[in-house]
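Here's the structure, in structure tokens; my notes come after.
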Amino acid sequence: MARLLLVHAHPDDETLTCGVTMAHHVARGDDVHVLTCTLGEEGEVIPPALARQEGDPSDALGSYRHGELTRALSRIGATMHVLGADEPTGRLSRYRDSGMAGSPAAARAEAFAAADLDEAGALVADVLRRL
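The working numbering numbers the first residue of the sequence shown as 133 and each following residue consecutively.
Encoded structure:
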């Protein structure tokens, strides 16, 4: 049995780019994990019914996308990890989606693009140790 860890910036990247790969390995009996670095709070909202979440200062889109990620990985059979999530405090992610380069979102202190490399690396290493 192999163990895989796929690392992506935000929800939907894992399914759109590696969904078939994950499903293949799960079907083989491999231990598949996904590490998502942000919740995709700056993502594009396509369905009109969800348009109110785009740019929402409460980051409702991040919570919504966290739910989508949970459901997608559950259906595929992969284990979900979110960089810097902290269950005791209820924090879903340490970092916020950076949006596009040069955007106001990328300049936010909690944006993944502004992350301290040593801190982010330590959080990734922690996930690896737990596997």
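Backbone N, C-alpha and C define an ideal beta-carbon position, used for all residues, glycine too. As the structure is a prediction and not an experimental result, all values here were calculated from the model.
- Each residue's CA atom was taken as its position, placing residue 154 and residue 236 some 34 Å apart.
- DSSP places residue 246 in the helix class (H, G or I) of the three-state scheme.
- The continuous alpha helix (DSSP H) containing residue 154 extends over residues 145-159.
- In the assembly as shown, residue 152 is an exposed residue. Its beta-carbon has fewer than 16 other beta-carbons within 10 Å.
- The alpha carbon of residue 200 has as its nearest neighbour, out of 180, 217, 223 and 145, the alpha carbon of 145.
- By DSSP's assignment, residue 198 forms no beta bridge with any residue.
- Residues of the same chain with a CB within less than 6 Å of the CB of residue 260, apart from the 5 flanking positions on each side, do not exist.
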